[in-house]
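S.K.:
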Amino acid sequence: MSLLNSTPEGYKSGFVALIGRPNVGKSTFVNQIIGENIAITSPVAQTTRNRLRAILTTQKSQLVFVDTPGIHKPHHLLGERLVQSSKKLIGEVDTIVLIFDGSQKPGRGDQFIVNLLKVDKNLPVLVILNKWDLVNKSNCKDRLNEYIDFVDNKDWPVFSCSALTGNGCDVLVESISQSLPLGPYLYPPNLKCDQPEEILLSELIREQILLNTREEVPHSVAVRIDRVDEVSMDKNNSSDLKKTAVLATVVVERKSQKGILIGKGGSMLKKIGKTARLKMQKLINGPVYLELFVKVVPDWRSKPARLSEFGYEGK
Ligand code: GDP
Ligand code: MG
Numbered sequence: 007m008s009l010l011n012s013t014p015e016g017y018k019s020g021f022v023a024l025i026g027r028p029n030v031g032k033s034t035f036v037n038q039i040i041g042e043n044i045a046i047t048s049p050v051a052q053t054t055r056n057r058l059r060a061i062l063t064t065q066k067s068q069l070v071f072v073d074t075p076g077i078h079k080p081h082h083l084l085g086e087r088l089v090q091s092s093k094k095l096i097g098e099v100d101t102i103v104l105i106f107d108g109s110q111k112p113g114r115g116d117q118f119i120v121n122l123l124k125v126d127k128n129l130p131v132l133v134i135l136n137k138w139d140l141v142n143k144s145n146c147k148d149r150l151n152e153y154i155d156f157v158d159n160k161d162w163p164v165f166s167c168s169a170l171t172g173n174g175c176d177v178l179v180e181s182i183s184q185s186l187p188l189g190p191y192l193y194p195p196n197l198k199c200d201q202p203e204e205i206l207l208s209e210l211i212r213e214q215i216l217l218n219t220r221e222e223v224p225h226s227v228a229v230r231i232d233r234v235d236e237v238s239m240d241k242n243n244s245s246d247l248k249k250t251a252v253l254a255t256v257v258v259e260r261k262s263q264k265g266i267l268i269g270k271g272g273s274m275l276k277k278i279g280k281t282a283r284l285k286m287q288k289l290i291n292g293p294v295y296l297e298l299f300v301k302v303v304p305d306w307r308s309k310p311a312r313l314s315e316f317g318y319e320g321k
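Okay, so the sequence shown: first residue is 7 according to the working numbering, each after it adds one.
(1) Which residues share a DSSP beta bridge with Thr101?
(2) Between the C-alpha atoms of Gly115 and Val164, what's the straight-line distance to the nearest angstrom?
(3) For the putative contact between Asp148 and Asn173, defined by C-beta atoms under 8 Å, what is the C-beta separation to the nearest angstrom?
(4) Based on Cα-Cα distance, which residue from Lys124, Leu122, Ile205 and Leu275 lies nearest to Thr219?
(5) Taking Val36 as part of the alpha helix (DSSP H), name the residues at either end of that continuous run.
(6) If you follow the alpha helix (DSSP H) that Leu150 is part of, which residue opens it and which one closes it?
(7) Apply the 10 Å Cβ neighbour rule to Met286 and answer buried if 16 or more other Cβ atoms are within range, or exposed otherwise.
(8) Tell me where the beta strand (DSSP E) around Glu297 begins and ends.
(9) What residue does the alpha helix (DSSP H) around Ser185 start on, and which one ends it?
(10) Do the stretch 25-39 and the stretch 94-109 make contact, defined as three or more Cβ pairs closer than 8 Å?
(11) Whose CA, out of Asp155, Asn128 and Pro190, lies closest to the CA of Lys111?
(12) My output table needs one value for Gln117: the three-state DSSP class, helix, strand or coil.
(13) Give the single residue among Val257, Gln65, Val227 and Lys264 whose Cα lies nearest to the Cα of Asn196.
(14) Tell me whether Thr250 sits in a helix, a strand or coil according to DSSP, three-state version.
(15) In angstroms with no decimal places, state the Cα-to-Cα distance between Val125 and Val22.
(16) Within 6 Å: the Cβ of Ser33 and any heavy atom of the ligand GDP?
(17) Using three-state DSSP, classify Asp107 as helix, strand or coil.
(18) Looking only at C-alpha atoms, which of Gly20, Gln214, Ala282 and Leu206 sits nearest to Val70?
(19) Mind checking which residues open and close the alpha helix (DSSP H) that includes Ala282?
(20) Could you check the C-alpha separation between Val303 and Asp232 for me, to the nearest Å?
(21) Along the chain, where does the alpha helix (DSSP H) containing Leu135 start, and where does it finish?
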């Protein structure tokens, strides 16, 4: 039986874009809803470079979340591509979820996004004030009203939630579902993510690099998975037990960044590799052997061919 035929009556489905500035909690929100660590999250802004589709299938609907890089002012070629891909996305989806950091007052950068969305009047937009756990109880009402005034659009319902604790997220999923058109399953009901395993693996490495090095090795880092092999657990190949061997190259722009990444006697790279490996084992559900190489490619972010090599497609 085809998937289409097996869709329940009255079923709703569609693509949902998460739009918001870097660091407001888009990836955390996706992970909270799907219940798995799919999108990488980090206290460092702008870590989500590849478009991840996370899929939530319920009895009544299928929501396909497209996690996007935050919209911001482009600084260089990589930044421009991120903004292009966000703008393009607005035209491709069924519903927009506009996420703000509710623990902060609305700002000028937020106005830019609101104006961008107001252009298409037929597109359903839900507004989320995230990080509500950080808002003082006595301030909640004022902050909510502040944002309602700010978005200034009675067609856009405003919700508050905490993607971190999960508070308020169920209600949101229900409202997002209702905003979708009637339609069949877009993906097999048991699928949670449409990215190839390699992207997920490279994102796990990138996450650990950003978490462990902070400002010293900023966004000028890219990870390429060179090989993923199933290998025997022992040297003589006699055992049936297999582990997954992952070889990856980490590319930085400067020699100094390579030094920081490797650390004293290789200690930093070891730490990054170990934590990433443990997370990979969870993802793959089996033992993993991980080897990381570090390579300096000056100015890779400004070279179109290099960007494509690392999976950042142009228009
Ligand atoms: P993105 O850039 O919009 O995808 O943001 P992330 O999901 O990577 O989150 C950025 C940072 O905000 C991370 O350190 C998260 O743990 C944190 N964060 C996200 N949601 C919440 C929330 O609801 N409450 C609090 N306190 N922190 C959050
Ligand atoms: Mg993100």
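Heads up, the beta-carbon is just placed ideally off N, CA and C, and yes, glycines get one too.
M.R.: In brief:
(1) DSSP, once it has assigned bridges, lists Val22 as partnering Thr101.
(2) 19 Å
(3) 19 Å between Cβ atoms; not a contact.
(4) Leu275
(5) Lys32 to Ile40
(6) Cys146 to Val157
(7) buried
(8) Val294 to Val302
(9) Cys175 to Ser185
(10) yes
(11) Ranking the options by Cα distance to Lys111, first place goes to Asp155.
(12) helix
(13) Residue Gln65 is the option with its Cα nearest to Asn196.
(14) strand
(15) Between the alpha carbons of Val125 and Val22 lies a distance of about 18 Å.
(16) yes
(17) strand
(18) Gly20
(19) Ser273 to Ile290
(20) 16 Å
(21) Note, Leu135: premise wrong, no alpha helix (DSSP H); beta strand (DSSP E) at Val131 to Asn136.
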